[in-house]
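Right, one structure below, let's go through it.
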Amino acid sequence: MKLQFLGGVGEVGRSAILVDDSLLLDYGMLTGNPPQFPVSVPEPDAVVVSHGHLDHVGAVPSLLSGDRRPPIHWTPPTAELARTLARDTLKLQGGRYDCPFTETHVGRMTQVSEPHGYGEPFAAAGYEVTFYEAGHIPGSAHVLVDDGETRLLYTADFHTGDHGGSDAPASRTNRRGEPIRGQRLVSPSTDRPDADVVVCESTYSDVDHEDRASVERRFVDSVQQTVWEGGTVVVPAFAIGRTQEMLLVLDAHDVDCYVDGMGTDVTKMLLRHPEFVRDADALRRAKANARFVTGRDGQRRRIADQNTVIVTTSGMLSGGPAMTYVPEVRGDPTNKITLTGYQVEGTPGRDLIEHGRADIDGRTMPIAARAEMYDFSAHADSAGLRSFLDDYAGAEILVNHGDDCEGFAETLRADGFDARAPGLGDVVEL
Ligand SMILES: [Zn+2]
Numbered sequence: 005m006k007l008q009f010l011g012g013v014g015e016v017g018r019s020a021i022l023v024d025d026s027l028l029l030d031y032g033m034l035t036g037n038p039p040q041f042p043v044s045v046p047e048p049d050a051v052v053v054s055h056g057h058l059d060h061v062g063a064v065p066s067l068l069s070g071d072r073r074p075p076i077h078w079t080p081p082t083a084e085l086a087r088t089l090a091r092d093t094l095k096l097q098g099g100r101y102d103c104p105f106t107e108t109h110v111g112r113m114t115q116v117s118e119p120h121g122y123g124e125p126f127a128a129a130g131y132e133v134t135f136y137e138a139g140h141i142p143g144s145a146h147v148l149v150d151d152g153e154t155r156l157l158y159t160a161d162f163h164t165g166d167h168g169g170s171d172a173p174a175s176r177t178n179r180r181g182e183p184i185r186g187q188r189l190v191s192p193s194t195d196r197p198d199a200d201v202v203v204c205e206s207t208y209s210d211v212d213h214e215d216r217a218s219v220e221r222r223f224v225d226s227v228q229q230t231v232w233e234g235g236t237v238v239v240p241a242f243a244i245g246r247t248q249e250m251l252l253v254l255d256a257h258d259v260d261c262y263v264d265g266m267g268t269d270v271t272k273m274l275l276r277h278p279e280f281v282r283d284a285d286a287l288r289r290a291k292a293n294a295r296f297v298t299g300r301d302g303q304r305r306r307i308a309d310q311n312t313v314i315v316t317t318s319g320m321l322s323g324g325p326a327m328t329y330v331p332e333v334r335g336d337p338t339n340k341i342t343l344t345g346y347q348v349e350g351t352p353g354r355d356l357i358e359h360g361r362a363d364i365d366g367r368t369m370p371i372a373a374r375a376e377m378y379d380f381s382a383h384a385d386s387a388g389l390r391s392f393l394d395d396y397a398g399a400e401i402l403v404n405h406g407d408d409c410e411g412f413a414e415t416l417r418a419d420g421f422d423a424r425a426p427g428l429g430d431v432v433e434l
């Protein structure tokens with residue numbers, strides 16, 4: 005087996021791995037201005053997509069140009085998220101010379117779509133491929149590729165649940181009093197299929213997440229305090245996964261909220277695939293608890309004036325209805341902006357946390373409202389990555405999807421693993 009890394013090495017974004025020039029695992033884009041794409045445009049016989057995030061699926065429509073129609077294998081939610089993301093990309097980038105696809109390509113995705121559930125092996129480009137639940141977002145999968153000689157496990161993005169591994173006591177319970185660990189939206193990754201080679205993500209290889217129960221408690225206390233003081237809380241959240249997680253957290257603690265942006269449609273879509281969320285009843289309740297904003301700016305300004313909580317895209321304040329809410333609430337220190345995930349360097353969200361200001365629609369605005377950040381990560385942290393890899397002590401580990409892949413590979417080597425971090429465009433013979 006031969007792997008070529010076309011992106012997502014030494015970086016988070018544009019993940020793409022070509023197996024033997026015939027099977028492509030993910031084909032993402034790196035958001036930014038301008039966005040970046042994998043380093044070459046392969047012509048695979050089949051495509052397998054791990055999950056519906058832009059950095060894993062964002063460039064997939066461009067594989068359907070000319071006469072090329074490789075089948076695309078994914079879970080049903082990933083297929084739907086891929087279409088949503090592609091349409092959003094066209095809205096933002098369409099018409100620009102560097103957008104590698106058009107509406108026509110996006111339309112073709114339906115013709116070649118091959119949906120599969122977890123644990124159901126299927127054939128793709130002559131390989132046997134199986135998805136395992138990765139615990140990252142609904143529909144996210146670890147991808148096992150077997151050519152009859154070598155078993156390759158591509159972890160893609162995953163979450164193992166609470167710090168402390170699966171033996172640690174669960175830190176909180178759901179409404180039925182059942183213990184839960186990790187995210188409320190999806191169950192943690194627990195399957196560990198046998199593999200000879202593991203391509204492992206490393207997004208948080210040098211981070212220890214705060215215990216989830218404690219993040220939730222701090223977040224809810226902070227939100228409730230602002231509401232009691234008469235303020236407005238804006239909760240910027242990524243549309244896919246995080247928005248739904250925040251609705252679940254707020255509902256679990258009986259905090260009413262509004263929800264706005266692309267996350268509203270994603271919430272409705274996920275309820276059409278209840279088998280891919282952890283607790284569909286809880287998500288249905290959370291959806292009913294949240295008031296969906298239909299989207300006129302006049303309505304948004306009236307809501308921003310209320311003593312309430314608003315969950316909205318974008319998660320890093322780089323677009324979406326947050327662009328209307330933030331200028332409305334920014335002048336009053338009673339108000340609060342609670343970021344709910346990692347803020348990439350150069351984004352308005354990062355600027356807000358570090359400097360108390362944000363570039364909104366080309367204007368630099370000082371922000372008097374209080375800004376806080378909470379780590380509701382959907383990725384394994386350093387302990388989670390290690391607990392996962394401890395089950396693959398005899399395998400060859402290839403580290404990708406992180407800012408310091410080489411650093412993590414070195415740490416693993418020092419602990420006796422056979423690990424390395426391929427570079428961009430590198431071909432690895434197995
Ligand atoms: Zn992801």
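Count the sequence shown with the numbering used here and you get residues 5 to 434, in order. Glycine is no exception: its CB is placed at the ideal position from the N, C-alpha and C atoms. None of the values given here were measured: they were computed from a predicted structure.
Residue i - DSSP class collapsed to helix/strand/coil
{"i": "Thr134", "result": "strand"}
{"i": "Phe41", "result": "coil"}
{"i": "Asp419", "result": "coil"}
{"i": "Tyr329", "result": "helix"}
{"i": "Pro197", "result": "coil"}
{"i": "Phe9", "result": "strand"}
{"i": "Asp355", "result": "helix"}
{"i": "Ile77", "result": "For the sequence presented, residue 77 should be read as His rather than Ile. Strand at His77."}
{"i": "Ile371", "result": "coil"}
{"i": "Arg305", "result": "helix"}
{"i": "Val377", "result": "Checking the sequence shown, residue 377 turns out to be Met, not Val. Strand."}
{"i": "Leu321", "result": "coil"}
{"i": "Arg91", "result": "helix"}
{"i": "Thr177", "result": "strand"}
{"i": "Ser170", "result": "Annotation note: pLDDT 48 at Ser170 (below 50); position unreliable, no value reported."}
{"i": "Arg295", "result": "strand"}
Expected contact under 8 angstroms - CB spacing of residue i and residue j to nearest Å
{"i": "Glu118", "j": "Pro81", "result": "At roughly 14 angstroms, the Cβ-Cβ gap does not stay under 8 angstroms, so Glu118 and Pro81 are not in contact."}
{"i": "Gly32", "j": "Ala63", "result": "6 angstroms"}
{"i": "Val253", "j": "Val224", "result": "7 angstroms"}
{"i": "Leu416", "j": "Ile401", "result": "6 angstroms"}
{"i": "Thr247", "j": "Thr230", "result": "Contact flag wrong, Cβ pair sits at about 19 angstroms."}
{"i": "Gly265", "j": "Gly324", "result": "5 angstroms"}
{"i": "Val147", "j": "Ala399", "result": "The Cβ separation is near 15 angstroms, so there is no contact."}
{"i": "Thr164", "j": "Phe392", "result": "6 angstroms"}
{"i": "Ala326", "j": "Thr316", "result": "5 angstroms"}
{"i": "Arg112", "j": "Leu68", "result": "4 angstroms"}
Residue i: first and last residue of the uninterrupted beta strand (DSSP E) it sits in
{"i": "Ser117", "result": "Ser117 to Pro119"}
{"i": "Val313", "result": "Val313 to Thr316"}
{"i": "Asp150", "result": "Ala145 to Asp150"}
{"i": "Thr159", "result": "Arg155 to Ala160"}
{"i": "Phe404", "result": "It should be pointed out that residue 404 corresponds to Asn in this sequence rather than to Phe. Segment Glu400 to Asn404, the beta strand (DSSP E) holding Asn404."}
{"i": "Phe126", "result": "Phe126 to Ala128"}
{"i": "Leu343", "result": "Lys340 to Leu343"}
{"i": "Arg361", "result": "Arg361 to Ile364"}
Delimiting residues of the alpha helix (DSSP H) encompassing residue i
{"i": "Gly429", "result": "That residue, Gly429, is in no alpha helix (DSSP H); it is neither H nor E in DSSP."}
{"i": "Phe223", "result": "Arg216 to Trp232"}
{"i": "Val51", "result": "That residue, Val51, is in no alpha helix (DSSP H); its beta strand (DSSP E) goes Ala50 to Val52."}
{"i": "Asp269", "result": "Met266 to Leu275"}
{"i": "Leu393", "result": "Ser386 to Leu393"}
Ligand 1 heavy atom lying under 7 angstroms from the CB of residue i
{"i": "His359", "result": "no"}
{"i": "His140", "result": "yes"}
{"i": "Asp57", "result": "Reading off the sequence, residue 57 comes out as His, not Asp. Because some heavy atom of ligand 1 lies under 7 angstroms away, the Cβ of His57 counts as near it: yes."}
{"i": "Asp161", "result": "yes"}
{"i": "His146", "result": "no"}
{"i": "His213", "result": "no"}
{"i": "His448", "result": "Past the edges of the chain, shown from 5 to 434, lies residue 448, and the structure says nothing about it."}
{"i": "His77", "result": "no"}
{"i": "His109", "result": "no"}
{"i": "His60", "result": "yes"}
CB contact flag (residue i, residue j, <8 angstroms)
{"i": "Val239", "j": "Ile314", "result": "yes"}
{"i": "Thr79", "j": "Gly181", "result": "no"}
{"i": "Leu27", "j": "Tyr131", "result": "yes"}
{"i": "Val333", "j": "Leu321", "result": "no"}
{"i": "Ala138", "j": "Phe162", "result": "yes"}
{"i": "Asn178", "j": "Asp283", "result": "yes"}
{"i": "Tyr122", "j": "Ala145", "result": "yes"}
{"i": "Leu251", "j": "Ala308", "result": "no"}
{"i": "Val116", "j": "Val133", "result": "no"}
{"i": "Asp212", "j": "Asp385", "result": "yes"}
{"i": "Ala160", "j": "Ser54", "result": "yes"}
{"i": "Ser206", "j": "Gly335", "result": "no"}
Interface flag, residue i vs chain B, CB-CB below 8 angstroms
{"i": "Val237", "result": "In the structure shown, chain B cannot be found, because there is only a single protein chain."}
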